[in-house]
Every structure is written in structure tokens, then in C-alpha cells.
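Peer 1: The opening residue of the sequence shown carries number 192 in the numbering used here; numbering runs sequentially from there.
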Amino acid sequence: MRDFFFDTANVDFIKSTMDKYGSDINPKWVRGVTTNPNAFSKIDKYHLDEWLDHAVVMGKLVADIRGDNEGEVHIQAPYSHLDPELILEYAKMITDATQGTCKVGMKIPPYQKALEYVDQFNEYVITNVTGLADSATALKCCTYDVGYISIIPGRMEEVGIDAQSAIAFVNQCNFGNTEIITGSQRTTEQIIYSFYLDTVPTIGEKCWADIFQGDNFQRILNMEYGYESVGPFSPIITDDNINLSLAFFEQMDGLGNTARKDLEAKISK
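(1) Kindly list the residues whose CB is nearer than 7 angstroms to the CB of M414, restricted to its own chain and excluding five residues on each side of it in sequence; keep chain order.
(2) My parser needs the beta strand (DSSP E) runs of 3 or more residues fully inside the region 234-312; what are they?
(3) Are the Cβ atoms of G322 and M443 separated by less than 9 angstroms?
(4) Between N217 and the rest of its own chain, which residues show a CB-CB distance below 8 angstroms, the 5 nearest in sequence each way excluded?
(5) So what does DSSP say about T321, is it helix, strand or coil?
(6) So F197 packs on V224, CB below 8 angstroms; how close in whole Å?
(7) Leaving out five residues on either side along the sequence, give the residues of the same chain with a beta carbon under 8 angstroms from the beta carbon of Q363.
(8) Report buried or exposed for Y416, applying the criterion of at least 16 other Cβ atoms within 10 angstroms of its Cβ.
(9) At what residues does the beta strand (DSSP E) containing T143 begin and finish?
(10) Please look up how many angstroms separate the CB atoms of A330 and V350, rounded, as I've assumed it's under 8 angstroms.
(11) What is the DSSP secondary structure of T449, reduced to helix, strand or coil?
(12) What is the rounded straight-line gap between the Cα of D325 and the Cα of G250?
(13) Using DSSP with H/G/I as helix, E/B as strand and the rest coil, what is P392?
(14) If you follow the beta strand (DSSP E) that I340 is part of, which residue opens it and which one closes it?
(15) Given a cut-off of 9 angstroms on the beta-carbon distance, is the pair T369 and C332 in contact?
(16) Could you round the C-beta distance between V248 and G262 to whole angstroms and report it? I think they count as a contact, below 8 angstroms.
(17) Any idea if Q381 is buried or exposed, counting beta-carbon neighbours within 10 angstroms, 16 or more meaning buried?
(18) Between Y308, N319, L279, which has its C-alpha nearest V264's C-alpha?
(19) Who are the near neighbours of P344 in its chain, counting only those whose CB is closer than 6 angstroms to its CB and skipping five residues on each side?
(20) Starting from the C-beta of F312, find all residues in its chain whose C-beta is less than 6 angstroms away, skip the five residues before and the five after it, and write them out in chain order.
(21) Could you work out which residue in T379, N229, V337 is closest to F366 when comparing CA atoms only?
(22) If you draw a straight line from the alpha carbon of I458 to that of D274, how long is it in whole angstroms?
(23) Can you grab the Cα-Cα spacing for the pair T334 / E314, in whole Å?
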């Protein structure tokens, strides 16, 4: 097993998982926690102040698990079409909220106006471009100085997109310092190939439930690592790839709307 993120805002779930399996998990493998408006909605947190307060709780938990302040908590911008200046103010807020307990990542959309502000975002947070479902857009984001790009293989495979080939192609063409996160995982098999392709998977509650079935957890702990490149040409990109990303942000925008209004009101004062 290698580095991974817990993909949940449910700190009780994270604690119970580490209590049960922590003896098999090197605490340094816990890169941190990733969240988004959907994750916050599952613990009934919709307001900006609730997100910021919970960031402190998650930061302290990650620090306790790892025994240092090098872990990361990633929080998504509440609305994908925010003005970049508002996103910048948001970056300052979420960094201040964690009170130095951990590093802070901010998840942004792959839209051009946001990417053009990456250098400014990076002064406060680790920038993580999320919701990616095609290799071309992912590679475009890698040309900016982002810390991570987040590809969503679980959602891709649900609509018949070959996620493995897309991830492998991006990996072999990514010559910068950008790391690849593989999110929206659904099964142990997806976790295994995400590790094999040298990415950092995010593991949510649904996926942990699958990992705990049978010998799946031992399969992950004992897997052999390697990575083979794919052919010289990109996997086919269709409207399915683009529509999947658009649907992802439509869902997140709906669930983050209350926090967006809070942010706009706070900045306008």
C-alpha cells in the first residue's frame, strides 16, 4: 500500500477505520483527507462557517494520525463559476481555518479563468484541479503549476469510459511536478489499478466497505507495484467525457450553493 487520501468529511468514520485497521496502515501513508460539497452534505454541513470549523477538526485528526503537520486537508471551492478573486479569498480563509495543523489543498474546476490564477492560489494553498474525465483537459491542467489533478475513474467507468487508459496516458505525458489523484473510487479493483498506475487514490466510505470484504484488504497490502506505459496516442475523447465533468460540477454547485452565498456575503461586507 502507498499514500492515499480518506475521501470523506466523516471524522468518526476515519477514526473507526484507523482503530480497526491502523496496525496494518503506516500512518505516513495517510496523505490526508479530501472533501467536496457532496461530502459535507453527507454530514449535514452546508454553510461556509461549518466547513471552516470542520476543517480544523479534520486537520487535527490528520495530524494525530500522522504524528506531524505534513498531512493535507483538501476543500473544494463551493461553486465552479466563482470569480477567481473570490476563490483567492476563499483560499486565504481555508488556510487560516486550519490553524497550521496541516497543509491545505483547494479543489478548483479546470476552467481557464481559474487556471490563470493558479500562481496566486499557490501562495496560500496546494491547488488541486478536480472533476477531470478526459486526458486532454488533465494534461492542459498539468501545464499550470498545480499540485494535483484529480481524475474521477469511478464515475468514468460507470458510464463506460476507459479510465485506466486515460490515467496511464496522462501519467506518461506528465513531465511536471503535478501529482495525479484518482477519486470517486467504487471498488477494490479501482484502488489496485490506481496504485499500480502510480497515482494517489482517494478512498471513500463506499469503497472502504468493499475493501473490507473477503481478502480485499490483504490484496491491497500485498500487491506488487509496477507501471506500464500505453501507446503513443491518447484514448478517444467523446462528449461522454466532457458531459461527465459538467455533471460533476453541476452536482457540486448545487450542494455548495449555500456556502457560495455565505462566501459572497462575507466578502461583500
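Glycine is no exception: its CB is placed at the ideal position from the N, C-alpha and C atoms.
Peer 2: Inspection of the coordinates gives the following:
(1) Once the five neighbours on either side are set aside, the close Cβ partners of M414 are I383, F386.
(2) 263-267, 294-299, all fully within the region 234-312.
(3) With respect to the 9 angstroms criterion, G322 and M443 are classified as neighbours on the basis of their beta carbons.
(4) Within the same chain, and ignoring the five residues on either side of N217 in sequence, the residues whose Cβ sits closer than 8 angstroms to its Cβ are M192.
(5) Reduced to three states, the DSSP call for T321 is strand.
(6) The beta-carbon separation of F197 and V224, rounded to 5 angstroms, stays under the 8 angstroms limit for a contact.
(7) Non-local beta-carbon contacts of Q363 in its own chain, meaning distances under 8 angstroms to residues more than five positions away in sequence, involve S420, V421 in chain order.
(8) Y416 should be labelled exposed.
(9) Residue 143 is absent from the model: the chain starts at 192 and stops at 460.
(10) Inspection of the sequence shows that residue 330 is occupied by Leu rather than by Ala. Contact doesn't hold; Cβ gap of about 21 angstroms is too wide.
(11) The three-state reading of DSSP puts T449 in helix, counting H, G and I together.
(12) Distance from the CA of D325 to the CA of G250, rounded to the nearest whole angstrom, comes to 31 angstroms.
(13) Under the three-state reduction of DSSP, P392 is assigned to strand.
(14) Start and end: 339-342.
(15) In contact: T369 and C332 (Cβ atoms closer than 9 angstroms).
(16) Going by Cβ atoms, the distance from V248 to G262 rounds to 13 angstroms, so no, they are not a contact pair.
(17) That one is buried.
(18) Per the Cα distances, N319.
(19) Exclusion of the five residues before and after P344 leaves A354, T373, Q381 as the residues of its chain whose Cβ lies within less than 6 angstroms of its Cβ.
(20) Within the same chain, and ignoring the five residues on either side of F312 in sequence, the residues whose Cβ sits closer than 6 angstroms to its Cβ are A282, T318.
(21) By alpha-carbon distance to F366, the top candidate from T379, N229, V337 is V337.
(22) Roughly 12 angstroms between the two C-alpha positions.
(23) Rounded to the nearest angstrom, the two C-alpha atoms are 18 angstroms apart.
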